[in-house]
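Report on the structure given below.
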Ligand code: FES
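In this note's numbering, the protein residues as written are 555 to 1128.
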């Protein structure tokens, strides 16, 4: 072999790195290297750069994703870190899921994004990858994809929005969005004022400013060990956010010589740590679905009975909306995620390995100051028990979820009359009708909004208080469905009833006027109708309508979608 040819080969004593890895096979390996370098050279890289290991930057910037509008400067900062460490950073776009810009719902496309991340990190030549996401479904999609590809990966998030002001009051998306909309529905504020509020609620780059799904998933990613320490809560517009991005780039390069793969970080113990933290932060109900899906990619099961056991012994410590009063920027100032972890240290598996090489326990040594107004001490919690609870019973044989930390305890032990809405359209048509037969003591029931329905499990579980009750001052009542709820929402709301009604779950059998019993203390959700009567109703059920999906992703979704207790992942991806 000529010296020239040898020069194009990766070093004989190591696996191919950078552009020399994952070659297209033309039946002549040297030609493949030559051709790839030829085209990479057309991007203006020097020979020294072409020889470097590559850190991919999988980013989800999009004009349809307001939360990611600062990604260009974050990508620059990641590149700075990679270059300084000796690597070649190469950014590439993946699908982006802007929470409020997708129909029927962003969840429908989370699995599609996970496939994009998995396949593109595997198919393109990179030695490690930075996953840059933030808005609700993007982080779980990236972690699911990375877990399946199992190449060295590190997560970086957008960081939360900063708050703004309206008439002296702090505003942050999106708990305050709902609060002001409820005031508008109850005619407490007029159209002019809601118009002003609309322009102030989300006024910076970054993810929702409260403990919504994006904040929850960022904190879970940090707890799992897939992100650098204290990187979840830093505001999107803070200079620290760019320093974190630079540090992430360096850390991603560090993974190349000493690979730590997602399967070594996301383990049964780190998933249990994540569940503990989810409960301690009063986190989003959506996180149960996402964590189940991420863990499921590695063959790990999230058991809702175990969630209940952990919930009994994990107090809510973080005083953030919608459970409490503060915002994500306050959490960062209060000490961030390490401050939370330190308070529940005795409940955690501290030997879990972090993607940055240390253990979870190692990360807690540096916590020197905590603002206990925001992160309460273990002995002085916001709530004595965890934020979430799973309910079971003949209405939810495989479970349902309730965020008790954002609900009214006066409604926890209650029997009520069912007022049933058959679909989202039915709900929209009748909820504000003065003719609706409803009182504040009733239970609102929505069905055909689960993962197998046409609406694909939207965040519609936060059923509005019927117009006439809202105007009469009713702020909360028991509501239940097979839908999800935004992490920024609040109320006595039962979600993710499984199996869902479109797949023939018992929710499909509820009729107006049935009695339902909710008991948070006993973890029960019971339809008080005899088994015989339910069987009779089941026999009378019309056959499921013919599928509307004839081709493409909708067809794939319909064929493969799993229920909430399997993380709403696709069967063939697990
Ligand atoms: Fe992106 Fe809330 S809309 S996180």
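Just so you know, even glycine gets a beta-carbon here, dropped at the ideal spot from N, CA and C.
Q: Grab me the residues of residue 1101's own chain with a C-beta within less than 7 Å of its C-beta, minus the 5 sequence neighbours each way, in chain order.
A: 1112
Q. Of the choices 911, 883 and 1115, whose alpha-carbon is the least far from that of residue 875?
A. Of all alpha-carbon atoms in 911, 883 and 1115, the one lying nearest the alpha-carbon of residue 875 is that of 883.
Q: Would you kindly work out how many angstroms separate the C-alpha atoms of residue 808 and residue 639, rounded to a whole number?
A: Those two C-alpha atoms are separated by around 8 Å.
Q) With respect to 7 Å, is the separation between the Cβ of residue 730 and the closest non-hydrogen atom of the ligand FES below this value? A) no
Q. Does the distance from the C-beta atom of residue 646 to that of residue 656 stay below 8 Å?
A. no
Q) Among the residues of its own chain, which have a CB less than 7 Å from the CB of residue 566, if the five just before and after it don't count? A) With a pLDDT of 40 at residue 566, under the threshold of 50, the modelled position of that residue is not reliable, and the figure given next carries that caveat. So no residue of the chain qualifies.
Q: May I ask which residues mark the beginning and end of the alpha helix (DSSP H) holding residue 844?
A: 840-851
Q: Could you round the C-beta distance between residue 872 and residue 894 to whole angstroms and report it? I think they count as a contact, below 8 Å.
A: 6 Å
Q: Tell me whether residue 1124 is buried or exposed, calling it buried when 16 or more other Cβ atoms sit within 10 Å of its Cβ.
A: buried
Q. Considering only residues of the same chain and omitting the five flanking positions on each side of residue 973, which have a CB-CB separation below 6 Å?
A. 992, 996 and 998
**Q.** Inter-residue Cα distance where the pair is residue 1141 and residue 990
**A.** Look at the range of the chain in this structure, 555 to 1128, and you will see that residue 1141 is not part of it.
(Q) Here's the rule I'm using: 16 or more other beta-carbon atoms within 10 Å means buried, otherwise exposed. How should residue 1087 be labelled? (A) exposed
Q. For the 8 Å Cβ check, are there 3 or more pairs between the stretch 694-703 and the stretch 598-608?
A. no
Q. Any heavy atom of the ligand FES closer than 7 Å to the Cβ of residue 653?
A. yes
Q. Where does residue 1015 land, buried or exposed, given buried means 16+ other C-beta within 10 angstroms?
A. buried
Q: Name the two residues that bound the continuous alpha helix (DSSP H) containing residue 635.
A: 625-639
Q. Can you tell which of 607, 628 and 729 has its C-alpha closest to the C-alpha of residue 797?
A. 628
(Q) Is any non-hydrogen atom of the ligand FES found closer than 7 Å to the C-beta of residue 788, if you look at the structure I gave you? (A) For residue 788, the shortest separation between its Cβ and any heavy atom of the ligand FES does not lie below 7 Å.
Q) Per DSSP, residue 943 forms a beta bridge with which residues? A) 956
Q: Under 6 Å Cβ to Cβ from residue 938, same chain only, skipping five residues before and after it: list those, please.
A: 869
Q: Leaving out five residues on either side along the sequence, give the residues of the same chain with a beta carbon under 6 Å from the beta carbon of residue 713.
A: Answer for residue 713: 760, 788, 789, 790 and 795, listed in chain order.
Q) Under a three-way DSSP split, which group does residue 1095 fall into? A) It is coil, neither helix nor strand.
Q | DSSP three-state assignment for residue 697, whether helix, strand or coil | A | helix
Q | Beta-carbon gap between residue 929 and residue 897 smaller than 8 Å | A | yes
Q. Where does the unbroken beta strand (DSSP E) through residue 647 begin, and where does it stop?
A. 642-647
**Q.** Alpha-carbon to alpha-carbon, residue 690 and residue 710
**A.** 14 Å
Q) Out of curiosity, what's the CA-to-CA distance linking residue 1047 and residue 630? A) 42 Å
Q: Only counting runs of 4 or more residues, tell me where the alpha helix (DSSP H) segments fall wholly within the stretch 787-831, in order along the chain.
A: Every alpha helix (DSSP H) of 4 residues or more that sits fully in the stretch 787-831 is shown, in chain order, as 793-811 and 816-819.
Q: Can you tell me which of 1056, 947, 957 and 887 puts its alpha carbon nearest to the alpha carbon of residue 923?
A: 887
Q: Would you identify the three-state DSSP class for residue 773, choosing helix, strand or coil?
A: Residue 773 falls in the helix class under three-state DSSP.
Q. Within the present structure, is the beta-carbon of residue 766 separated from the nearest heavy atom of the ligand FES by less than 7 Å?
A. yes
Q | Chain-order list of residues whose beta-carbon lies under 6 Å from that of residue 720 (same chain, five-residue window excluded) | A | 751 and 754
Q. How about the stretch 808-824 and the stretch 725-743: do they share at least three Cβ pairs that are nearer than 8 Å?
A. no
Q. Which runs of the beta strand (DSSP E) fall wholly inside the stretch 1037-1061 and span at least 3 residues, in chain order?
A. 1047-1049
Q: Could you tell me how far apart the beta carbons of residue 1115 and residue 1005 are, in whole angstroms, since I believe they sit closer than 8 Å?
A: 5 Å
Q) Tell me which same chain residues have a C-beta within less than 7 Å of the C-beta of residue 536, skipping the five on either side of it? A) Shown here, the chain extends from 555 to 1128; a query on residue 536 therefore has no answer.
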